[in-house]
Every structure is written in C-alpha cells, then in structure tokens.
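Keeping their order, the protein sequence lines are chains S and L. Each residue of the first sequence is one higher than the last, beginning at 1 in the UniProt record's numbering. Each residue of the second sequence is one higher than the last, beginning at 1 in the UniProt record's numbering. Quick reminder that beta carbons are idealized off the backbone N, C-alpha and C, glycines included.
2 protein chains.
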Amino acid sequence: MKISSILKNMSNRLNLGITCDMHVHLRDGAMCELVTPTVREGGISVAYVMPNLQPPITSLDRVVKYKETLQKLAPKTTFLMSFYLSKELSPELIHEAASKGAIRGVKCYPAGVTTNSSAGVDPNDFTSFYPIFKAMEENGLVLNLHGEKPSVSKGSEDIHVLNAEESFLPALRKLHHDFPSLKIILEHCTTEAAIKTVNELNNNVQTPQDIKVAATITAHHLYLTIDDWAGNPINFCKPVAKLPSDKRALLEAATSGKPWFFFGSDSAPHPIGNKARHIGVCAGVYTQSLALSYVAQIFEQQDALDNLSKFVSEHALQFYEVHKDNLQSLDEAVIFKSEQIVPEAISNGKDISVAPFMAGQKLDWSVEWQCK
Amino acid sequence: MKISSILKNMSNRLNLGITCDMHVHLRDGAMCELVTPTVREGGISVAYVMPNLQPPITSLDRVVKYKETLQKLAPKTTFLMSFYLSKELSPELIHEAASKGAIRGVKCYPAGVTTNSSAGVDPNDFTSFYPIFKAMEENGLVLNLHGEKPSVSKGSEDIHVLNAEESFLPALRKLHHDFPSLKIILEHCTTEAAIKTVNELNNNVQTPQDIKVAATITAHHLYLTIDDWAGNPINFCKPVAKLPSDKRALLEAATSGKPWFFFGSDSAPHPIGNKARHIGVCAGVYTQSLALSYVAQIFEQQDALDNLSKFVSEHALQFYEVHKDNLQSLDEAVIFKSEQIVPEAISNGKDISVAPFMAGQKLDWSVEWQCK
C-alpha cells in the first residue's frame, strides 16, 4: 500500500526524518539574521551553505566564523559549510579545512552567471584547479557545480540562458572522467539534458557508495517554466526555468527514488526592491521558509509522497555521508495536511522584506518537528 | 558608392522621406496625451494605430473619435486606424468603415497572449471570422496578426513563449491559402522560422503589388535576445525576444531590402510602476520617442544604411498603398549623426512616467524634419 493511500486513512501526517536542503543561501548581516531561522521553519534540519558572500568565502577563518554566526541564529540546524572555488584556494588549505571538518565541499561558480559570481572561474578551463580537485578527492569533499556556461553570441557557439546548462554538460563529463572518485553535484539542474546526463553517469552504480555524480533539484523548478518568469521577476533565477518538457523531466527525476537526485532549494533571498525593478533584477527565488511545504505539494500532485523522504532526506544523507554524531539535533520533520497561504513577504519588521515563492497562493501542507 | 560611405564624406545626414511606423500603441487618456506627440518626435510621419484599448475599438463611432483625439494631439502625423477583430464586427461594418476610409485594417489578437488581448480570438479556429476576412479582402483592408498561440502544456503540444510564434505559422499559411488576395501582416515577428515562412510565401512575387503577406519588425527585436529580458522587465514584451540566431535572422530581413519587411515599432508604453514590479509585469517596450534613432543605429552597425529608407518608409507606403493626398504632412524625416542619451523616463511631469528602451544609453543618431 502506498504511503499516499495510507495517509488518506490516517492522520495525514508523514515523518520525513532528518531533512536536508543541500543548497541554501543565507547571506550575511541583517538578511542572514532574517533568513537563517527560516531553514528550520521550512522543515529543514541539515543545510548545505553557499559561500558566495561578498567577498566570497575562501579562508578557514571566515568559514569558521560564518558557521558560528549561523549556529547562533539557529542552534538546532546543522550547517554544512563550503568554500568558493577561486585562485585563493590551495591544496594545502583544502587538506587543512577538511581535516578540521570546517567544510564539506567547494562551490564552483562560472564567472558572471549569477548573484555574486564575478569572482568565479572559466568553465572552459578547469585544469588550473585540478590540484584543488585532487585534494578534494583525497579528502572526500564534494564539488558543487553551478552548471552554466556564460552567455556569448557567436554564431554556432551561441550560449544563452536557455542552453547555458546543456552547454556545460560536457565539462561535467570531463570532470568526472578526470576525477572518477571525486564527488560532484550538478546543482539546481533544470533541463531534461542534465537529467539524462546524470542518469547516464550513474549507469554502473551498484550501491549508494558508488555514486560520484549527483544532482540537486530545487522546489521552484518543479513548478516553473519559462512562461512563469516572463513578466514575473519573483520567479527569475539562474539557471532560469526552462520548457515544459524540462519540467516534466525534473518532476520525474525528483520523484523517481533514484539516489543521485535530492533536494537543494537554492533558496536565494533578495530584498524585494531588488526584485521589483525594471532593470537589473537580482536572480533568485526565496523558498526557505516553506521549503518542505512546496516540495510536499508537488510530490502529492505527482502521487509520489512515497518517495518524498528519499528526496528530502535519505539520498542527501547518503551522498554527503552525514553522520548522526555530527547533527545539531535529531529532531524529525513531520508534514501534515493543513492549508496555509504563502505570505506576501517575509520581513524583519524594519528594513528588509523578501517576497517568497508563490506569495499569496495556497499550500496544502504544513510542517512540525517531532523533537527527540 | 554606398550611402554609408557617402555619409562619411558629407554632412552625415540622411533623408528618409515619408517615414512609417506600422504598429504603434497610443493608448487613451493621459498616456495618450503623453505619447501621441512622440510619434513625430521619434521621426515618424505615418503611424498605424493599434485598437487594443479597453474596451477594444470595434465600432465606427469609436474609431472616428479616437482618430480625432490623436489628430488634435499631433496634427502633422498621419494616423491609419484599425478595428480589433472580435465577434462584434460584421461584414457590413467592415464595408461601411472601409468605404468611409475610417480604417485601414483589422488587428487580430489571439486571446490572452498580450496586453488587453482578453477579448481576442482562438487562433485554432479562424473560420468563424471568414466572412469578415472576405469583406476585408474585397475592400483591400489589411489583416494585422499578432502571431502567437496561447501557452499550453500538454506533452507533444507544448506551447510556450519561445515557440508561440513558430506554432502560429501554419495558421498564417492557411489564412493566406484561404484568402490569397487578402493583405496580411505578421506583426512584430521575432523568429528565424517566421522570416523563412514570410520569405517563402513571397517566392512568386514579381512586383510589389503581388505582395500579400508582409511582416513588421520592431526596433527592440533588432537589439534583444532572451538574455536581455531575463532580469530586465523593461525589455519584456510579447512576443518575447528569442535566441541570438533569431535576432540575426531579423537583422538580415530588416536590412535586406526585401519589400515585404518593414518597420512596425510595437512601441507599447506602460506606466513605469507596471514594469518595475516583481509580479505581473506588463508586456511592452516603449520606443516611440526615439524610433528612428534606434533603427538607424542598428542599421549603421549592420552597414545597411543604404536600405534604411526602404525599411522605414518605402515598403510600408507600398504595402498599405498610402497616397500622398491622404497625408497630414509631406514633411520628410532626416537623420543626422548627433549623440544623445536616452532619457531614464518620458514623463508628463505629473502622474505618468514611461521608461524608454535603452534608458540611459547612448544613441548616435538624431532626427529633424525637413518641412515642405
């Protein structure tokens, strides 16, 4: 009997265990104070934190301090930290940071493709970072790829927001070929082509331990297509949501139960004034405060609640090898059927206001914690 | 010797004759008062006026009054008027409006694809309008098509903002097949596929009088691709700007000198507050006040100033059979090399402000009138 059927006969509650969001932007300053507590409010226990502050996080000192800041704001949330791939990193630093447990991975931004990526790298030539990747491989660290090539208009070599991810896939294949033991994640994947590639790279996987290439999928990309951000900057993010066929592939992958797909919200808060403007809208969709509710709703629509805990918990815990000893809390997230209206804004009551995804719309699921 | 070469040796002046913009939105009320005079400021003598007011213009009385309003605001501009295709039209009304010279064509909006199109038609079934088209054909009126199918997500039948125009092309072919003498314009075309189709439908054209299917091209679509409206609602319009390959096809068509391509700005003003918002951004790019300067700049970049008067004057005058006797003015527009910065806003100094295309950027060409 499927969980979804059982739910109908029970109390409409579903325990999802130690929930994970493996791609969150928590910013710094007042925005950090506002959004960091919303990780837990959104039903997430373990959060993998992006390093694209200004300046980017590339030192042991800063990553340790950043984690301390976050931990104070949200004592029961487990934060896994990352470095920003740049020339400021060295293999020695990677070894040191890994041995001290200060980071769990390194995030790679192609230069110029999204918020605070100007210090990023040239995806056409990763070889200068191979000593870093080797050190990461040796330490079991995860390489998190923002998998897009920067836009360029040159006839047959056109790269634009629609094919930027697909154009990146050969670079993903090459990295996996050159570092077959390095754990790599194609973050916030958005295309049918990416799903096919990640599936193909896992063709010979026998056990979860064999998985070296995974992909995260956001909540909003399970809802949106290009028509939804055309005229609605609240839904504009990088990578942009693609075509209906791509969305179907993402839905299929997220609900498939395949262990190389798991949840990474890419929740990316911006002050509403940076979204509601006619030029220079910031890329990013904010989903943190209702993360599990968004995902539960779409899984229910797909009649796939049975696989929800795999997507938002088990697969990520496996891939990142998260041990219970390292968790801040053993509390488990429970979703239950209870309607709520997404607020028009999440605000600190002073100077910062963020418009959440689906502002003003109805969600069917709410979250509570089963405390241990 | 090319005009562009001659210009370099002369006074950098180019007389473009009786200039035409065959697709303008002049709205009503205060916005109409603000933008109607900018037709001439932008270097345009003859303007074909869209009927998508609220409610749409579907009666003789309203179209006559609307033209009077416009004429008072801009006495030297020639306004060609149109009806909004809807069930409120009848063949009798078409005959009457044509015989009185009240309209020059009828605009067809598929329901729901753009600003004020909710009263539009179902592009999957034009047959209920065939009596209207027959009356138009008999009177030499022009059918102006907003050539997009409404978005729908149904597997193999997916329609979205990117393929909405290409999906419409079979309907264009069918209309031309069923009404081979009806003059049809595919308005503001944006795709390589549309350009190919319109070229193909003119394969057997021997003289300009043979042309039955034409296409207008906007200024902004000669500049923009999808990357330019992703994150910049000022550039969001319907049809959306497509891929670099599509833009190249538009540039080639506009500068080709082929008589079935001519200028229609689709200048579509919206109060800036309706562009600078995070949800529900209005579709439309405002280019009226600098129309010729935008086009001249891109033609110069393409080394195609020699064909500029064909694109912004001759082809439209031919297709619409505009006779000198019916012009409000015989003044000719002259462009000359003189830098100007596009203003951040066009405003009435009171309650209405519109952000023009390329706000804040530099244009190399200015316009003056050679009065007759």
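* Between G273 (chain L) and chain S, is there a C-beta pair that is closer than 7 Å? -> no
* Asked: What first and last residue would you give for the beta strand (DSSP E) that runs through R13 (chain L)?
  -> 13-17
* Asked: How would you list, in chain order, the residues of chain S whose beta-carbon sits under 8 Å from the beta-carbon of N232 (chain L)?
  -> H278, I279, G280, V281
* Asked: Counting only beta-carbon atoms, is A355 (chain L) nearer than 7 Å to chain S?
  -> Taking a beta-carbon distance threshold of 7 Å, A355 (chain L) counts as an interface residue toward chain S.
* By Cβ distance, which residues of its chain are closer than 7 Å to V161 (chain L), with the 5 residues on each side in sequence left out? -> Same-chain partners within the cutoff: S151, V240.
* **First and last residue of the uninterrupted beta strand (DSSP E) at E332 (chain L)** => 332-341
* Best match in S:S99, S:G147, S:E138, S:A74 for proximity to L34 (chain S) [C-alpha to C-alpha] -> Nearest C-alpha to L34 (chain S) among S:S99, S:G147, S:E138, S:A74: S:A74.
* Jot down the residue ranges of each uninterrupted beta strand (DSSP E) in the stretch 213-250 of chain L, minimum 3 residues, whole runs only, in chain order. => 213-217
* Asked: Does the beta carbon of H25 (chain S) sit closer than 7 Å to a beta carbon anywhere in chain L?
  -> no
* Asked: Is E92 (chain S) helix, strand or coil when you go by DSSP?
  -> Collapsing the DSSP output to three states places E92 (chain S) in a helix.
* Inter-residue Cα distance where the pair is K149 (chain L) and L243 (chain S) -> 16 Å
* To do: Could you tell me the distance, in whole angstroms, from the CA atom of L60 (chain S) to the CA atom of G101 (chain S)?
  => 10 Å
* Report, in whole angstroms, the separation of the C-beta atoms of L145 (chain L) and I94 (chain L), which I expect to be a contact under 8 Å. => L145 (chain L) to I94 (chain L), Cβ: 16 Å. No contact.
* Helix, strand or coil for C32 (chain S), going by three-state DSSP, please let me know. => helix
* Range covered by the alpha helix (DSSP H) that runs through Q302 (chain L) -> Taken as a continuous stretch (DSSP letters only), Q302 (chain L) belongs to no alpha helix (DSSP H), as it is neither H nor E.
* To do: Would you kindly report the start and end of the unbroken alpha helix (DSSP H) that includes F263 (chain L)?
  => From DSSP, F263 (chain L) is part of no alpha helix (DSSP H) but of the beta strand (DSSP E) over 261-263.
* May I ask which residues mark the beginning and end of the beta strand (DSSP E) holding N144 (chain S)? => 142-145
* Going by CA-CA distance only, name the one from S:S329, S:I279, S:Q340, S:A98 that's closest to K362 (chain S). => S:Q340
* So, is the C-beta of H176 (chain S) closer than 7 Å to a C-beta in chain L? -> It does not; no Cβ of chain L falls within 7 Å.
* Which residue's Cα is closest to the Cα of G280 (chain L): S:D228, S:L85, S:A193, S:D331? -> S:D228
* Partner residues on chain L for T225 (chain S), Cβ-Cβ distance less than 8 Å -> S153, H160
* Asked: Residues of chain L with CB under 7 Å from S245 (chain S), in chain order?
  -> Identification of chain L residues near S245 (chain S) by a Cβ-Cβ cut-off of 7 Å yields D158, ordered along the chain.
* Top-ranked residue by Cα proximity to Y130 (chain S), from S:V113, S:L143, S:A119 -> S:L143
* Does the Cβ-Cβ distance between H221 (chain L) and L250 (chain L) come in under 7 Å? -> Closer than 7 Å, so yes.
* To do: Please specify which runs of the beta strand (DSSP E), each continuous and at least 3 residues long, are wholly inside the stretch 30-113 of chain S, giving them in chain order.
  => 46-49, 78-80, 82-84, 105-108
* How far does the beta strand (DSSP E) with K183 (chain L) in it reach, from first residue to last? -> 183-186
* Asked: What is the DSSP secondary structure of V295 (chain S), counted as helix, strand or coil?
  -> helix
* N52 (chain L) burial status per 10 Å Cβ neighbour count (16 or more: buried) -> buried
* Asked: Are the C-beta atoms of V35 (chain L) and some chain S residue less than 7 Å apart?
  -> no
* Taking S366 (chain S) as part of the beta strand (DSSP E), name the residues at either end of that continuous run. => 362-370
* Report all residues from its chain with a CB closer than 7 Å to the CB of M31 (chain S); omit the five preceding and five following residues, and keep chain order. => Once the five neighbours on either side are set aside, the close Cβ partners of M31 (chain S) are P269, I352.
* Pick out whichever of L:I298, L:S245, L:V312 has its Cα sitting closest to the Cα of K154 (chain S). => L:S245
* Could you pull out every residue in the same chain whose Cβ sits closer than 6 Å to the Cβ of M358 (chain S), ignoring the five residues on either side in sequence? => V342
* Asked: Alpha carbon to alpha carbon, how far is S118 (chain S) from A219 (chain L)?
  -> 31 Å
* Asked: The alpha helix (DSSP H) with M136 (chain S) in it runs from where to where?
  -> 130-139
* To do: Compare the C-alpha of T19 (chain S) against each of S:L330, S:K212, S:P110 and name the closest.
  => The residue with the shortest Cα to Cα distance from T19 (chain S) is S:L330.
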